[in-house]
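Here's the structure we're looking at; comments come further down.
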Amino acid sequence: MDKETNSLTEQFKAKENELIRQYTLKIYPAGRSREVFRTIEICGVRTLRELCWVILDAFDFDHDHLYGFCMDNQMYGRHAYRACPRYDEPSVDITLDELALHKGQKFSLHYDFGDDWMFTITVFKISEGKEPIETRIIKTKGCIEQY
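Position 12 of the sequence shown, counting from 1, maps to 12 under full-length UniProt numbering, and the rest follow consecutively.
Right under this line is the structure:
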């Protein structure tokens, strides 16, 4: 068992009778139509911060810029989560489960505020299981270049 899965298993030992939510997400970079996308599976205890890293890795992007998630198409609205929040702004350290995502829901990742990379994320499927899943990319199509 790898380090990530082992860590997740430890988190759930006390909750043996509870099912663990698992999400299948489809991610499209804005302006690329359906020519480029990634589909990933991720456990509900993972945070938006971890989701960002997975998306960046899936598209071979560097992890060297600020970013934020927008749940309601208003980048600076009440439902925006930032990597470096100010004052009482929501943080990307919230888990996917805490967001109460639902199938078909769309939200956005805004990465690199200079180059303005926008990714649309669609909740494709929500399932439950007794064991945590390892975060993984399950489908890829096309590619984009960061620089």
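Just so you know, even glycine gets a beta-carbon here, dropped at the ideal spot from N, CA and C.
ask   = Based on the DSSP secondary-structure assignment, which residues constitute the bridge partners of P29?
value = Position 29 of the sequence shown, counting from 1, holds the residue named residue 29. Residue pairing for P29: DSSP places it in a beta bridge opposite F119.
message = Looking at C52: is its Cβ nearer than 7 Å to the Cβ of Q22?
response = In the sequence shown, residue 52 corresponds to position 52, counting from 1. In the sequence shown, residue 22 corresponds to position 22, counting from 1. Contact flag unset, no.
ask   = Exposed or buried, Y111, counting other C-beta atoms within 10 Å across all chains shown (16 or more means buried)?
value = To locate residue 111, count along the sequence shown from 1; it is residue 111. Under the 10 Å beta carbon count, Y111 is surrounded by 16 or more other beta carbons and is classified as buried.
task = Put E35 into one of helix, strand or coil per three-state DSSP.
result = As a working mapping, residue 35 is identified with position 35 in the sequence shown. Collapsing the DSSP output to three states places E35 in coil.
task = Can you tell me which of G68, G129, V45 and D60 puts its alpha carbon nearest to the alpha carbon of F107?
result = Position 107 of the sequence shown, counted from the start, is the residue given in the question as residue 107. Check the Cα spacing between F107 and each of G68, G129, V45 and D60: the tightest is with G68.
task = Would you please state the rounded distance, in angstroms, between the beta carbons of F119 and I40? I believe it to be under 8 Å.
result = By 1-based counting over the sequence shown, the position of residue 119 is 119. By 1-based counting over the sequence shown, the position of residue 40 is 40. Your pair F119 and I40 does not check out as a contact, with CB atoms roughly 12 Å apart and the cut at 8 Å.
query = Between the beta-carbon of L48 and the beta-carbon of E128, is there less than 7 Å?
reply = Here residue 48 is taken as the residue at index 48 of the sequence shown, counted from 1. Here residue 128 is taken as the residue at index 128 of the sequence shown, counted from 1. Cβ distance not < 7 Å, so L48 and E128 don't count as in contact.
request  = Tell me whether the beta-carbon of V54 lies closer than 7 Å to the beta-carbon of G142.
outcome  = By one-based count along the sequence shown, residue 54 stands at place 54. By one-based count along the sequence shown, residue 142 stands at place 142. It is not a contact, given that the beta carbons lie outside the stated cut-off.
Other residues of its chain near T95: CB distance less than 6 Å, five sequence neighbours each side excluded = Sequence index remark: in the sequence shown, residue 95 carries index 95 (1-based). The beta carbon of T95 lies closer than 6 Å to those of V45 and T47 in the same chain, with the five residues before and after it left out.
inquiry  = Going by DSSP in three states, I94 sits in which element: helix, strand or coil?
reply    = As a position in the sequence shown, residue 94 is number 94, starting the count at 1. In the structure shown, I94 falls within a coil segment according to DSSP collapsed to helix, strand and coil.
ask   = Residue range of the alpha helix (DSSP H) that C70 falls in?
value = Taking the first residue of the sequence shown as position 1, residue 70 is located at position 70. Premise fails: C70 lies in the beta strand (DSSP E), Y67 to C70, not in any alpha helix (DSSP H).
query = Quick one, are the C-beta atoms of I137 and P29 less than 7 Å apart?
reply = Counted from its first residue, the sequence shown places residue 137 at position 137. Counted from its first residue, the sequence shown places residue 29 at position 29. No, the Cβ-Cβ distance between I137 and P29 is not below 7 Å.
message = Please state whether the Cβ-Cβ distance between V123 and K139 is less than 7 Å.
response = Numbered from its first residue, the sequence shown carries residue 123 at position 123. Numbered from its first residue, the sequence shown carries residue 139 at position 139. Not closer than 7 Å, so no.
task = Can you give me the start and stop residues for the alpha helix (DSSP H) that L56 sits inside?
result = Indexing the sequence shown from 1 puts residue 56 at position 56. Boundaries of the alpha helix (DSSP H) harbouring L56: L48 to A58, taken from the DSSP string.
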